[in-house]
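Report on one structure; see the data block that follows.
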Amino acid sequence: MRIAIILKDRCQPKKCGLECINYCPPVRTGVEAIAIGESGKPYIAENLCVGCGICVHKCPLEAVKIIGLPHELEGELVHQYDKNSFRLYRLPIPREGQVIGLLGPNGIGKTTAISILSGQVVPNLGDYEGGGDWSKVLEKYAGTDLNNYFRGLADGKTRTALKPQYVDKLPAIHKGSVSDLLSKVDESNRLDEVADQLSISGVLDRDISKLSGGELQRVAIAATLLKDADVYFFDEPSSYLDIYQRLKIAKVIQQLSETKQVMVIEHDLAIIDFLADLVHIMYGSEGAYGVMAHPRAVRTSINVYLEGYLREENIRFRETEIKFERRPPRNDWQTESLVEFTNITKRIKDFRLKVSGGTIRKGEVVGAVGPNATGKTTFVKILAGEIEPTSGEVMGEVTVSYKPQYIKPEFEGTVRHMLMTNIGKDFDSGFFQAEVAHPLTLKYLLDKEVGTLSGGELQRVAIAECLGKQADIYLIDEPSAYLDSAQRMTTSKTIRRVIEKMSKSAVVVDHDVYMIDLISDSLMVFTGEPSVKGVAEGPFAMREGMNRFLKDVDITFRRDQDSSRPRINKKDSRLDREQKSKGEYYYG
């Protein structure tokens with residue numbers, strides 16, 4: 339089975355010579371296999387396409403994809419957006435008593451799948467011109483569990499609640515206080531109980547526009563939980579949350595699944611491992627197609643995802659396997675110090691930060707971990723010279739490249755123009771192109787307007803811009819936000835490789851334990867009372883730092899015997915008790 343895709347955001351007929359049409363063999367023999375449509379862009383008649391692939395190789399903007407799919411997918415098409423556009427194959431089925439997870443790259447239909455299952459989109463079964471029709475959907479899935487599920491949606495008997503992906507858009511949709519918003523959706527009269535569960539009681543009287551990303555995320559989750567529904571969908575519930583909050587949310591969702599059907603999209607592998615019972619891996623090609631694989635137990639699914647190979651289907655969906663080191667990174671640094679800081683204090687309104695003196699050495703990647711609002715970003719800004727400490731000092735004449743936590747696309751122009759402006763001649767260097775631009779797949783973003791980028795695209799561009807600048811130390815705040823699991827692993831290895839090859843240093847703040855585990859040589863550990871006081875210590879050797887951090891979180895990690903990835907032990911399990919008794923929270 340063959341499909342033809344034209345990526346509309348890449349296709350720009352005014353900037354090319356219409357190579358897709360001019361070099362097409364059927365067109366040259368008088369068969370209109372490719373022609374210009376009403377939109378002014380080409381379209382491919384898939385029944386006339388011979389699959390030669392010439393148009394794919396000749397298109398200078400790489401906007402054409404001719405993809406061969408397994409014959410097993412014939413008849414499994416669920417939804418298609420338009421001619422030569424994205425297609426989704428197969429759907430998961432919610433199950434009561436279990437949390438069903440969806441795991442896969444961005445842009446291959448996870449959000450589309452839960453939009454269909456939540457009733458926001460009626461699947462068109464490939465009839466993009468006729469649109470979705472419940473009678474055709476019910477006929478298509480007659481005799482299956484999906485038929486029963488869709489019948490409930492079509493009849494309005496199955497009620498659903500969806501927590502959207504981009505919670506930072508909430509202030510543009512809802513005005514007023516948090517309590518006003520939550521009172522409107524509180525169909526179960528549990529506002530006080532849920533607010534207490536999610537630790538948002540203190541922000542109920544605040545205006546939504548004044549909330550931080552983590553607060554918006556918890557408010558969005560609360561709004562979903564307060565609805566009286568049969569099926570609940572959570573699209574990336576861990577974004578902006580620290581590890582403490584992620585675990586708390588995971589436990590709330592698990593409790594919900596005892597009586598309701600729950601489905602979760604999540605990119606934090608440690609959290610989906612802890613949270614889900616069964617996981618569907620999704621594979622495909624970004625913007626072209628997505629296939630929902632059959633469900634597997636959560637441990638098996640994550641290991642298969644890291645390996646990049648579905649053995650039962652004989653499909654490799656990633657070129658390289660993602661590997662974790664069996665042993666922690668070295669804890670003895672013999673290189674000279676790059677930055678030294680004395681005991682530092684900083685007071686910002688009612689917040690107080692105390693940092694114990696420490697040293698960052700050349701070639702060292704320092705991870706920074708701890709709860710939200712305990713001063714991690716403040717410390718990074720002190721190192722960057724953006725703010726002055728109340729007392730203490732940072733010693734060392736160093737140049738700094740800084741990627742902030744919240745990225746605002748203020749540049750007017752294309753990504754290429756922005757990078758060339760901010761990086762300079764290094765943009766065209768072989769090192770930047772090979773070590774930064776290629777692994778972060780910037781190739782397809784360069785001619786996009788900065789203001790049109792999605793959250794994940796903007797994140798990758800910001801990381802590339804930070805790494806592309808000449809500096810002694812790179813300060814990178816929350817690089818995992820909006821990136822999918824594979825992108826997080828790739829980004830971690832890119833940052834490590836660049837720092838090592840340039841003999842520079844970096845401080846990376848993040849809440850994804852897998853990313854911190856892959857990227858860090860040592861750790862700064864932050865503790866304290868959020869928004870009131872923060873205490874930072876380190877950098878510690880990796881094992882000592884993780885033990886301090888995980889002891890504060892009150893969780894233990896073991897290594898998976900097959901993939902060596904960190905896994906959270908169930909609380910009070912035999913391994914959990916053994917590791918705590920030994921003081922080994924990290925590896926066991």
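Using the working numbering, the first residue of the sequence shown is number 339, and each one after it goes up by one. Yeah, the Cβ is synthetic: ideal placement off N, Cα and C, and Gly gets one too. Owing to the predicted nature of the structure, the values given are computational and were not obtained by experimental measurement.
{"Query": "Simplified DSSP assignment, three categories, for N669", "Result": "For N669, the predicted structure reports a pLDDT of 49, less than 50, and the residue's modelled location is therefore unreliable. The matter cannot be settled from this model."}
{"Query": "Minimum C-alpha distance to G470 - residue among E477, Y479, A480 and V459", "Result": "V459"}
{"Query": "Endpoints, beta strand (DSSP E) assigned at G675", "Result": "The question names Gly, but residue 675 is Ser in the sequence shown. Run containing S675: S675 to F679, per the beta strand (DSSP E) assignment."}
{"Query": "Per DSSP, cross-strand counterpart(s) of Q555", "Result": "Bridge partners of Q555: none, in fact."}
{"Query": "Under the three-state DSSP convention, the category A809 falls into", "Result": "coil"}
{"Query": "Chain-order list of residues whose beta-carbon lies under 6 Å from that of I893 (same chain, five-residue window excluded)", "Result": "I906"}
{"Query": "Proximity winner among T562, P461, F895 and L463, relative to L500 (alpha-carbon distances)", "Result": "T562"}
{"Query": "Whole beta strand (DSSP E) elements within the segment 811-842, 3-residue minimum", "Result": "811-815"}
{"Query": "Contact belief for T673 with G701 at Cβ below 8 Å, rounded distance in angstroms", "Result": "5 Å"}
{"Query": "Residue environment, G413, which counts as buried when at least 16 other CB atoms sit within 10 Å", "Result": "exposed"}
{"Query": "3 or more residues per run - each beta strand (DSSP E) lying fully within the segment 408-467", "Result": "415-418, 425-427 and 437-441"}
{"Query": "Where K920 sits in the DSSP three-state scheme", "Result": "helix"}
{"Query": "For G705, the residue or residues it bridges with in DSSP", "Result": "V846 and L861"}
{"Query": "Cβ-based neighbour list, V365, same chain, cut-off 7 Å, excluding 5 preceding and 5 following", "Result": "I359, A371 and I372"}
{"Query": "Run of the alpha helix (DSSP H) containing K692, from where it starts to where it stops", "Result": "First-last for K692: F689 to V693, but that is the beta strand (DSSP E), not the alpha helix (DSSP H)."}
{"Query": "Local conformation of S547 per DSSP, three classes", "Result": "helix"}
{"Query": "Under 8 Å between C-beta atoms of I837 and P817", "Result": "no"}
{"Query": "Beta-bridge pairing of F572 - partner residues as DSSP gives them", "Result": "K501 and V602"}
{"Query": "Assumed close pair D580, N385 - CB separation to whole angstroms, cut-off 8 Å", "Result": "Wrong, their Cβ atoms sit about 53 Å apart, outside the cutoff."}
{"Query": "Buried versus exposed, by CB contacts within 10 Å (16 or more), I687", "Result": "A small correction: the amino acid at residue 687 is Lys; Ile does not occupy that position in the sequence shown. Label assigned to K687: exposed."}
{"Query": "Distance between E795 and L783 (C-alpha atoms, nearest Å)", "Result": "8 Å"}
{"Query": "Under the three-state DSSP convention, the category A722 falls into", "Result": "helix"}
{"Query": "Neighbourhood of V369 by C-beta distance below 7 Å, restricted to the same chain and skipping five residues each side", "Result": "L386"}
{"Query": "Beta-carbon contacts of I538 that lie in its chain and below 8 Å, excluding the five residues immediately before and after", "Result": "V516, E553, R556, V557 and A560"}
{"Query": "Among R489, V732 and E657, the one whose alpha carbon lies nearest that of F679", "Result": "V732"}
{"Query": "Start-to-end residues for the beta strand (DSSP E) that takes in S739", "Result": "V738 to K741"}
{"Query": "8 Å Cβ cutoff met for D573 and I603", "Result": "yes"}
{"Query": "Start-to-end residues for the beta strand (DSSP E) that takes in S537", "Result": "Unbroken run through S537: none, as it is neither H nor E."}
{"Query": "Pair within 8 Å by beta-carbon distance, Q808 and D855", "Result": "no"}
{"Query": "M853 and P877 closer than 8 Å at C-beta", "Result": "no"}
{"Query": "R321 - containing beta strand (DSSP E), residue span", "Result": "Lying outside 339 to 926, the shown extent of the chain, residue 321 is not represented and no answer is given."}
{"Query": "Boundaries of the alpha helix (DSSP H) in which E357 is found, first to last residue", "Result": "E357 to N360"}
{"Query": "Assigned exposure category for M756 - 16 Cβ within 10 Å defines buried", "Result": "buried"}
{"Query": "Cross-strand partners of A635 (DSSP beta bridge)", "Result": "L616"}
{"Query": "DSSP three-state assignment for Y647, whether helix, strand or coil", "Result": "strand"}
{"Query": "Alpha-carbon spacing of T832 relative to D530, whole angstroms", "Result": "45 Å"}
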